[in-house]
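The working numbering puts the first residue of the sequence shown at 7, with every later residue one more than the last.
A virtual CB, placed ideally from N, CA and C, is assigned to each residue, including glycine.
Note that the structure is a prediction, hence the values are computed from the model and not measured.
As structure tokens, the structure follows; a few thoughts come after it.
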Amino acid sequence: MLRQIFVTGATGFIGENLIQRRMAAADGHIKILTRRTQASQAASDGRIEQVVGELLKPETYQAALAECDTVVHLAAATGRATPEEYQRVNVEGTEVLLRACKTAGVRKFLHVSTIAAGYPNQRYYPYAKTKAQAEVLVRESGLEFVIVRPTLVLGDNSPIWKTLAKIAGLPVIPLPEGRAVRVQPVHVDDVVRGLEHLLARDRFDGDVLELGGPRPMPFREFLQLIQSALRGVPGRITSIPLAPIRLGLAAIEPVLRPLMPVTAGQLSVFANDSVASENWLLAELRAGMPTTEETIAALVAAGGRGDDPKTQAKTQASKPPRQTKPLSESSQRVLVEECRTFAAYLVGGPSSAYIEERYALATQAHGLAHDEEFSCFDRAALRVARRGRIFARWADAYCAFFARNGALRRKLVLLAAILEHVAPTNEAFDRTNSSGAARAVLSLAAYGLTSAVSLLLGAAVLLPAGVLCWIATRTVGSDAHARQAQ
Numbered sequence: 007m008l009r010q011i012f013v014t015g016a017t018g019f020i021g022e023n024l025i026q027r028r029m030a031a032a033d034g035h036i037k038i039l040t041r042r043t044q045a046s047q048a049a050s051d052g053r054i055e056q057v058v059g060e061l062l063k064p065e066t067y068q069a070a071l072a073e074c075d076t077v078v079h080l081a082a083a084t085g086r087a088t089p090e091e092y093q094r095v096n097v098e099g100t101e102v103l104l105r106a107c108k109t110a111g112v113r114k115f116l117h118v119s120t121i122a123a124g125y126p127n128q129r130y131y132p133y134a135k136t137k138a139q140a141e142v143l144v145r146e147s148g149l150e151f152v153i154v155r156p157t158l159v160l161g162d163n164s165p166i167w168k169t170l171a172k173i174a175g176l177p178v179i180p181l182p183e184g185r186a187v188r189v190q191p192v193h194v195d196d197v198v199r200g201l202e203h204l205l206a207r208d209r210f211d212g213d214v215l216e217l218g219g220p221r222p223m224p225f226r227e228f229l230q231l232i233q234s235a236l237r238g239v240p241g242r243i244t245s246i247p248l249a250p251i252r253l254g255l256a257a258i259e260p261v262l263r264p265l266m267p268v269t270a271g272q273l274s275v276f277a278n279d280s281v282a283s284e285n286w287l288l289a290e291l292r293a294g295m296p297t298t299e300e301t302i303a304a305l306v307a308a309g310g311r312g313d314d315p316k317t318q319a320k321t322q323a324s325k326p327p328r329q330t331k332p333l334s335e336s337s338q339r340v341l342v343e344e345c346r347t348f349a350a351y352l353v354g355g356p357s358s359a360y361i362e363e364r365y366a367l368a369t370q371a372h373g374l375a376h377d378e379e380f381s382c383f384d385r386a387a388l389r390v391a392r393r394g395r396i397f398a399r400w401a402d403a404y405c406a407f408f409a410r411n412g413a414l415r416r417k418l419v420l421l422a423a424i425l426e427h428v429a430p431t432n433e434a435f436d437r438t439n440s441s442g443a444a445r446a447v448l449s450l451a452a453y454g455l456t457s458a459v460s461l462l463l464g465a466a467v468l469l470p471a472g473v474l475c476w477i478a479t480r481t482v483g484s485d486a487h488a489r490q491a492q
């Protein structure tokens, strides 16, 4: 009898590779739960059926589930989600799905978890905690189940590989370490082979199977292998303390999470070994696994070189001039509000419709109209500055010293040029002070004090953001780790 499989999380990295492999197979029928129709999976000769629905709304997929005998559960909240969102999707979503399975008569449940669910140190890491809680629900469900915990998953278009390639391209790599942790990277093809192996063998014996690559290694060695493949020689790696970084991130996370490129929890990869314990599945798969060196070489040969600055510069030089990207209504609204706030900061008064129009055109012409084109820190600085004229003063004071060529300063210069040539705002630039020398000295002192206070306040807000962005572009504890660890 052909197996009828219901898959959640089919659009994720592991899910997409599993579905592609199943599409190439001649046996079985798969139903995938998706929030919207996926054009990439439409041509499947009828063996892949898309079920449009939501994990937490079983009524949207209950009928399709009743036609299946096995569930492969990959869906999860990852990245910089709030603790509440992790709880809602990873725990409540799994609980709802398990209940739906019982109602539908589905008896077999393959739960794809993460190596992080077994971390002994899960402090600050709600993702790992909720994935561990979901595992408990699966164990206590009464269904026939198996749990798979992949480690760091590599492959074409792997989020973790893109991050690692960028890191390895740096002349010096800052590696946050609480201790010398080990990793056991695995290729996505081997993870998918493992899942198919379990389905083909019908092994739902209640095992928790950790799945890694051919061998464990120190994180440093792993990075040096990538460096050697990309640059010909291993580069320099320097350790930075992990504990104070995580403590600081955890302290500001409740307030600044939307601005943070990485959270304290996502740095848990540097505080815990990501190594698979030996088990029968890993033993059976290991013989067919490529070595880590072979995997890295194949990824580099396929063009996965990250964003090396020299290569990027050559690529950009060979491209035709970039076409001006049209402004959407939302971008236009952001620029108008931004213009008003920045004008209030620069000249102490409101802007006009004409100034706002000229500002939008100027930012567009200079490539400053679209936030998604800015660096992580530039986006953070702009978010702070847009909150009001006082915040704009703080952000400008900090960026004047530490980000002189950043997006915020460039935008302020553009707007100042416009304001200087338009009445009545030009008066703020032409105004002179005819008071005596004593008052001039006092004014300068007051200005210096105000600037110093603004710099300190700006540093209090933007220095953490700068550190976070620095960590995000130079370490592995980003959204990529959470996604690939599913």
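In chain order, what residues of the same chain lie with their CB nearer than 8 Å to the CB of residue i, ignoring the 5 residues before and after it?
| i | result |
| --- | --- |
| Gly294 | Asp196, Arg199 |
| Thr157 | Ile121, Val189, Gln190, Pro191, Val192, Glu216, Leu217, Gly218, Gly219, Ser280, Val281, Ala282, Ala491 |
| Ala308 | Asp162 |
| Thr100 | His79, His117, Ala140, Leu143, Val144 |
Taking 6 Å as the limit between beta carbons, can you name the residues of its chain near residue i, skipping five residues before and five after?
| i | result |
| --- | --- |
| Lys417 | Leu374 |
| Pro222 | Arg188, Gln190, Val281 |
| Ile258 | Pro470 |
| His203 | none |
According to DSSP, residue i sits in a beta bridge with which residue or residues?
| i | result |
| --- | --- |
| Phe12 | Lys37, Val77 |
| Ser295 | Correcting the residue identity first, residue 295 is Met in this sequence and not Ser. In the DSSP output, where bridge partners are listed per residue, Met295 has none listed. |
| Phe276 | DSSP, once it has assigned bridges, lists no residue as partnering Phe276. |
| Arg242 | Val178 |
| Glu216 | Arg155 |
| Leu116 | Val78, Val152 |
| His193 | Leu160 |
| Pro515 | What the structure shows of the chain is the stretch from 7 to 492, and residue 515 is not part of that stretch, so it cannot be assessed. |
| Val57 | Leu39 |
| Lys63 | Glu60 |
Quick one: grab the DSSP three-state call for residue i.
| i | result |
| --- | --- |
| Glu146 | coil |
| Phe151 | strand |
| His203 | helix |
| Phe383 | helix |
| Ile281 | Rather than Ile, the amino acid found at residue 281 in this sequence is Val. In the structure shown, Val281 sits in coil (DSSP, three-state: anything other than H, G, I, E or B). |
| Phe210 | coil |
| Val261 | helix |
| Pro89 | helix |
| Pro180 | strand |
| Arg188 | strand |
Below 7 Å CB to CB, which residues in the same chain sit around residue i once its five sequence neighbours on both sides are set aside?
| i | result |
| --- | --- |
| Glu60 | Arg41, Thr66 |
| Ala106 | Pro64, Gln68, Leu71 |
| Thr17 | Thr40, Gln44 |
| Ser357 | Cys345, Arg346, Ala349 |
| Arg209 | Val152 |
| Ala423 | none |
Less than 8 Å between the CB atoms is what I'm expecting for residue i and residue j, so what's the real figure, rounded?
| i | j | result |
| --- | --- | --- |
| Arg155 | Val194 | Actually they are not in contact, since the Cβ atoms of Arg155 and Val194 sit about 15 Å apart, beyond 8 Å. |
| Ala103 | Leu205 | In the sequence under discussion, the amino acid at residue 103 is Leu, which differs from the Ala named in the question. About 18 Å separates the two Cβ atoms, so there is no contact after all. |
| Leu248 | Ala277 | 6 Å |
| Tyr404 | Leu352 | Not quite, the Cβ-Cβ distance comes to about 17 Å (not below 8 Å), so this is no contact. |
| Ala5 | Gly464 | The question about residue 5 has no answer, for the chain in this structure spans 7 to 492. |
| Pro132 | Tyr92 | 5 Å |
| Leu24 | Leu201 | 6 Å |
| Gly241 | Val178 | 7 Å |
| Leu425 | Ile361 | 7 Å |
| Leu181 | Thr244 | 7 Å |
Shorter than 8 Å from the beta carbon of residue i to some beta carbon of chain C?
| i | result |
| --- | --- |
| Glu73 | In the structure shown, chain C cannot be found, because there is only a single protein chain. |
**Message:** Counting beta carbon pairs with one atom in the stretch 68-78 and one in the stretch 87-94, are three or more of them shorter than 8 Å?
**Reply:** no
Check: How about the stretch 291-310 and the stretch 224-238: do they share at least three Cβ pairs that are nearer than 8 Å?
Finding: yes
Does the pairing of the stretch 378-385 with the stretch 404-415 give three or more beta-carbon distances under 8 Å? yes
Exercise for review: Inspect the CB distances between the stretch 337-355 and the stretch 390-397 and report whether three or more fall short of 8 Å.
Suggested key: Yes, they touch.
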